[in-house]
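Here's the structure we're looking at; comments come further down.
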Amino acid sequence: MLFHDRATALGSIAGVVAIIFLVGQQLTIFFGLLSYMSILVDNSGADIWVKTKNTDNFNAAGTIPTSYRDRIMGIRGIQWAEPIVIGAGLLKLQNGNYQAVQVFGTRRPRLAGGPSQFYQGSIEGLFDSEGVTVDRLDLSILNYPSIGDLFEVNGKRVRIRGITQGMRGFSGTVLYTNLAKARELVNMSADRCSNLLIKVDDGMSIKDMALLLKQVLPKADAIPSSELSRQTKLYYLQNTGIGFSFGFTTLVGTLVGVVIIALTMYTNVLSKTKDYAVLRALGARRKDVLYIVFMQSMYIAAIGILVGFTLLSLFLTFTRGTDLPSYMPWWVPLIHLTGTVLLCLLGSVIAMRRAVRIEPATAFR
Amino acid sequence: MQDIKSKPVIELRGVARDFFDGKQLRRVLQKTDLGIYPGEFSIISGPSGSGKTTLLTIMALILSPSEGYVIIQDKDVTKLPEDSLAALRLEHYGFVFQNAGLINALTVMENVLIASVVQGGSVSKEIQERAVAILERLGLMDYAYIKSERLSGGQKQRAAIGRALINEPAIILCDEPTSALDVESSTVVMETLKELSREDRAVVLVSHDPRVFPYGDRLIQLQDGKVVTDTGSQIVT
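Chains as they are written, first to last, in my numbering: chain A, 10 to 374; chain B, 73 to 309.
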């Protein structure tokens, strides 16, 4: 009955597509940005980060003594502990302009916390004393440099030895290099480092080890990577307005979709009042009419979801590898799908309420 | 000329109906005693507002009477819950509405079949064969698989008769089925209904068109909610 009225059916389907695509697209960008926020932590391969006390996220950390490493290595259950250096730098472009970068130094030979995905070159490039990597997504703002090209960062020479893939920080271009070079670039002495990355032995409780490290290093903070990742994301969400912005857009997208579904479904029931009354007169119960409207909303949901997710997957395909951060964790589509089905039902509630009130006597008027 | 059937398929005992018109309670159907018999073609007539449709919808178990009882097959069904009344309608009644009341989104065949599955379930092979037989009988088989909105007015009413027949009801209730039809189509529809009433079914038709009166076995005339004429059955034993 619904699909006979093509305009109404298309209107309802458009509502579902709006929810799936608009909200989904917002979510992919949101999760893309979210992954950027903590990518350095998530990609570090460490179980625990040791950092200065009283800081909300790893980017805001100060420095700690490198000698902490020796104390940590003496603890049973520690597989390795590696210092890293994180700092700000200004990269001088070949055209004379400057680009702000985040320098991330990792110690040779383990290169713990270093980049794992490469577009060109490999992590071995960081063994080169002046070797750095830049990310593929930053090539345009760096005027498309090639492997082997020389640059200046904070007035010191660096050479591009690798181009990473998807290793881009939230605050911009990340320049991976070795620890010595990083210290030179950000002017940090050898007895200091930004953090210590800790890997614990298999089977060891990360949480317990973090607590133990806090006792061993009372002037520092030891925090599991998963917790630091969460804290970092939360910090940016709360302090940059991103959470509110995306949350608001998602809410508006959802509301628009629900209103479209509700209006079109309701209009459809109103325009088909006589048909429902005839069915009631023929012997349909209220619950049978309810079932018809329910099934119609489910058909609308199914078609809308199919179209919406097709558009969304096209969006993800076309934005993959571009400047636009887009990432969808596997569980998000499931929640999105379930939520949309529920919203379709919510949108049809008014129509259902109207439909069950139709009296069979209407067929005789 | 006397009714050959002793047992009515529907019996109204002292049935009356009041409506609240916003200011006061108004009696639109006065106390009425009426029996409708199988094989009988009854025509209910009267001017607008005389209570014809009210009487028909009470017979149809759609409107409950304010007073009195509705008896179906010796059972008082007046106070039955809504779902039980719906089940009774499905089992015992066929309906032909003014302007047919077909669902435009469905084909003619689907319109006929839907009456058998309005409470869910699937269409059995037997029902499908019955639908084909009905449409053949009504001369609509060539139109079975086209959307009902493409039919002419007369064809729509014949399709509606087909829908009314699919559950093999004992009673067919018709609400002004010829009001929107030309003379030729009206004749076909009335002759079909007359033929059906000869198959041991009770056919009750509401109309204010005197041209349909000759088709009836019985004429019940209403005025101001009151039966003023009831010719009784004209069927000869």
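Glycine included, C-beta positions come from ideal geometry on N, C-alpha and C.
Every value quoted in this text rests on a predicted model; they were computed, and no experiment measured them.
Proximity test, Cβ basis, 8 angstroms: residue i and chain B
i              : result
L288 (chain A) : yes
R362 (chain A) : no
F127 (chain A) : no
G292 (chain A) : yes
P338 (chain A) : no
P124 (chain A) : no
F303 (chain A) : no
A372 (chain A) : yes
D297 (chain A) : yes
D379 (chain A) : No information on residue 379 (chain A) is available, as it lies outside the stretch 10 to 374 that chain A covers here.
P334 (chain A) : no
Any non-hydrogen atom of the ligand GTP within 7 angstroms of residue i CB
i              : result
Q111 (chain A) : The ligand GTP is absent from the structure shown, which contains no ligand whatsoever.
Minimum Cβ-Cβ distance from residue i to chain A less than 8 angstroms
i              : result
F167 (chain B) : yes
G121 (chain B) : no
G192 (chain B) : yes
D93 (chain B)  : no
T179 (chain B) : no
R99 (chain B)  : no
L106 (chain B) : no
I134 (chain B) : yes
G118 (chain B) : no
T129 (chain B) : yes
A205 (chain B) : no
Q74 (chain B)  : At Q74 (chain B), the pLDDT of 40 sits below 50, so the modelled position is not reliable; the number obtained from the coordinates is stated separately. Output row for Q74 (chain B): interface = no.
R89 (chain B)  : no
T225 (chain B) : It should be pointed out that residue 225 (chain B) corresponds to Gly in this sequence rather than to Thr. No, G225 (chain B) lies away from the interface with chain A (no Cβ there is under 8 angstroms from its Cβ).
G297 (chain B) : no
D155 (chain B) : yes
T150 (chain B) : no
A216 (chain B) : no
A159 (chain B) : yes
L162 (chain B) : yes
A187 (chain B) : yes
G234 (chain B) : no
T86 (chain B)  : In the sequence as presented, Thr is not what sits at residue 86 (chain B); that position holds Gly. With 8 angstroms as the cut-off, G86 (chain B) does not count as an interface residue toward chain A.
Residues of its chain near residue i, where Cβ-Cβ distance is below 8 angstroms and the 5 sequence neighbours each way are ignored
i              : result
R270 (chain B) : G111
R230 (chain B) : L210, G211, L212, V260, V261, T264
V81 (chain B)  : I108, Y109, P110, I144, Q145, H164, A242, I243, A274
I38 (chain A)  : F255, L333, P334, S335
V267 (chain A) : G24, I28, L352, L355, G356
N63 (chain A)  : D230
Proximity of residue i and residue j at Cβ, strictly below 8 angstroms
i              : j              : result
F113 (chain B) : V300 (chain B) : no
V302 (chain A) : I175 (chain B) : no
G178 (chain A) : L49 (chain A)  : yes
L184 (chain A) : W58 (chain A)  : no
Y45 (chain A)  : P334 (chain A) : yes
D105 (chain B) : R99 (chain B)  : no
V32 (chain A)  : T263 (chain A) : yes
A229 (chain A) : I73 (chain A)  : yes
P338 (chain A) : R289 (chain A) : no
A372 (chain A) : K283 (chain A) : yes
R78 (chain A)  : L226 (chain A) : no
D210 (chain A) : Q88 (chain A)  : yes
G297 (chain B) : S122 (chain B) : yes
A310 (chain A) : V350 (chain A) : yes
L188 (chain A) : K165 (chain A) : no
T179 (chain B) : S220 (chain B) : yes
Neighbourhood of residue i by C-beta, 7 angstroms cutoff - its chain only, sequence neighbours within 5 removed
i              : result
I359 (chain A) : A271, Y275
P137 (chain B) : V87, A88, R89, I130, T150
K266 (chain B) : F113, Y287
Close Cβ partners of residue i (< 6 angstroms) along its chain, the five nearest in sequence each way excluded
i              : result
Q293 (chain B) : S117, G118, V300, T301
I206 (chain B) : G234, L237
K184 (chain B) : Note that residue 184 (chain B) is Val in the sequence shown here, rather than Lys. Here the set comprises A203, G234, R235, I238.
* Segment contact, 8 angstroms Cβ cut-off, at least three pairs: the segment 238-250 of chain B with the segment 121-136 of chain B -> yes
* Length at least 3, wholly inside the segment 41-91 of chain A: the beta strand (DSSP E) runs in chain order -> 57-61
* Contact between the segment 140-159 of chain A and the segment 221-237 of chain A (3+ Cβ pairs under 8 angstroms) -> no
* Looking at C-beta atoms only, is the number of pairs between the segment 21-37 of chain A and the segment 303-317 of chain A that lie closer than 8 angstroms three or more? -> A contact exists between the segment 21-37 of chain A and the segment 303-317 of chain A.
* With contact counted as at least three CB pairs below 8 angstroms, one residue from each stretch, are the segment 114-127 of chain A and the segment 232-241 of chain A in contact? -> no
* Asked: Which ranges would you report for the alpha helix (DSSP H) in the segment 88-156 of chain B if only whole runs of at least 4 residues count?
  -> 124-131
* Asked: Taking only runs of the alpha helix (DSSP H) that begin and end inside the segment 158-236 of chain B, which ones reach a length of at least 4 residues, in chain order?
  -> Qualifying alpha helix (DSSP H) stretches, in chain order: 180-186, 197-209.
* Any chance you could list the alpha helix (DSSP H) runs of at least 4 consecutive residues sitting entirely within the segment 190-234 of chain A, in chain order? => 215-225
* Within the segment 259-288 of chain B, ranges of the beta strand (DSSP E) (whole runs, at least 3 residues) -> Considered as a whole, the segment 259-288 of chain B harbours 274-278 as its complete beta strand (DSSP E) runs of no fewer than 3 residues, in chain order.
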